[in-house]
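Here the sequence shown stands for residues 1 to 268, where the numbers follow UniProt numbering.
These notes concern the structure reproduced below.
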Amino acid sequence: MSTTTSRPTGSSAGSSRGRGGRRDRRGRRTKPAAADKAASTPRPSGRRTWPWVVALVTVLAVLAGCVYVVFFSSMLAVSTVSITGTDDALTAKVRAVIDDPVGTPLARVNLDALAARVEGVPEVAAVEVARDWPDTVSISVTPRVPIAVTSANGQLWLLDAEGDPYLTVDSPPPGLVTVQLPTPGRNDPSTTAALSVVMALTPEFKSQVAVLSARTEFDVELTLIDRKKVIWGEPTDNAKKMQMLPALLAARDGTEYDITDPTLATVR
1 MSTTTSRPTG SSAGSSRGRG GRRDRRGRRT KPAAADKAAS TPRPSGRRTW
51 PWVVALVTVL AVLAGCVYVV FFSSMLAVST VSITGTDDAL TAKVRAVIDD
101 PVGTPLARVN LDALAARVEG VPEVAAVEVA RDWPDTVSIS VTPRVPIAVT
151 SANGQLWLLD AEGDPYLTVD SPPPGLVTVQ LPTPGRNDPS TTAALSVVMA
201 LTPEFKSQVA VLSARTEFDV ELTLIDRKKV IWGEPTDNAK KMQMLPALLA
251 ARDGTEYDIT DPTLATVR
């Protein structure tokens, strides 16, 4: 007698697998694959990127506003130009050349160009220009100090301590010694020698000097207003020469006083 065994249908088999989950060859239940987990995990929504976009737009807007306020608006525009280190006359000359920046945003003022214009004023030796927030341009001027007067090209020129003839005048200002030089200038040895002697003279003695000449750097002479001549020689031992000269002039009568060597002065 034979027995017929029938296989379960596909639907019942699938139902069995559905109820029991996945099984291995021995029939044991297994864990779901990683792909199944990934498929069952919800993906983040695109809406979560919006806070970052908003923050970025806000930052850019703030930066743009700052740039506008600093560089283009009138909120930080120049309202004052402060000039220091000058007298009234020089202040007026400086203001005349600076192309008044009042009303210009302070950040956009070209400080180098401003300094170059001020340096072009003959009486200015040096200048510093700076921004003084929120609304001021500060100009600090170091003026030239004249120490002598010389003649060049048919005109009288003021000389500063560096030997630069920088400004013409109609007549020698009080207290300045007139110097005669072959070629006055900053790098001229005769000019350097003459000014070295001028700076050694006392204010009281300067008033007695009619003219100081330096044909060479080794040959400095003073002609006094009473026509006496002082042969100074080289610009060495200047302090010692200045110290002994008034006493020599008072003690010895003559027309020529040679103090080339202050320890062996001679009078003629």
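A virtual CB, placed ideally from N, CA and C, is assigned to each residue, including glycine.
- Put simply, the backbone Cα of GLU128 is about 20 Å away from that of TYR166.
- If you draw a 10 Å sphere on the C-beta of GLY120, you find fewer than 16 other C-beta atoms in it, and that means exposed.
- Shown here, ALA239 sits in a helix according to DSSP, grouped into three states.
- With a contact defined as Cβ atoms closer than 8 Å, PRO134 and LEU76 qualify at about 5 Å.
- The continuous beta strand (DSSP E) containing LEU159 extends over residues 155-159.
- LYS228 carries a coil assignment under DSSP once its states are collapsed to helix, strand and coil.
- CA-CA distance, LYS228 to ARG95, rounds to 47 Å.
- Secondary structure of SER213 (DSSP, three-state): strand.
- Distances from the CA of VAL124 to each of ALA115, ARG131, ASP132 and ALA130 were compared; the closest alpha carbon is that of ALA115.
- With distances taken between CA atoms, ALA148 lies nearest to ASP160 out of THR142, ASP160 and VAL141.
- When ASP99, ILE225, THR58 and GLY163 are compared, the shortest CA-CA separation from VAL197 is found for GLY163.
- When secondary structure is reduced to three states using DSSP, THR255 falls in the coil class, being assigned neither helix nor strand.
- The alpha helix (DSSP H) runs lying completely inside the stretch 141-206 and spanning 4 residues or more are 189-200 and 203-206, given in chain order.
- Around the beta carbon of SER79, a 10 Å sphere encloses fewer than 16 other beta carbons of the protein chains shown; the residue is thus reported as exposed.
- Here the alpha carbons of PRO182 and PRO173 stand approximately 22 Å from one another.
- Taken atom to atom, the span from the alpha-carbon of SER190 to that of PHE218 is near 8 Å.
- By the criterion of at least three beta-carbon pairs nearer than 8 Å, the stretch 139-155 is not in contact with the stretch 99-109.
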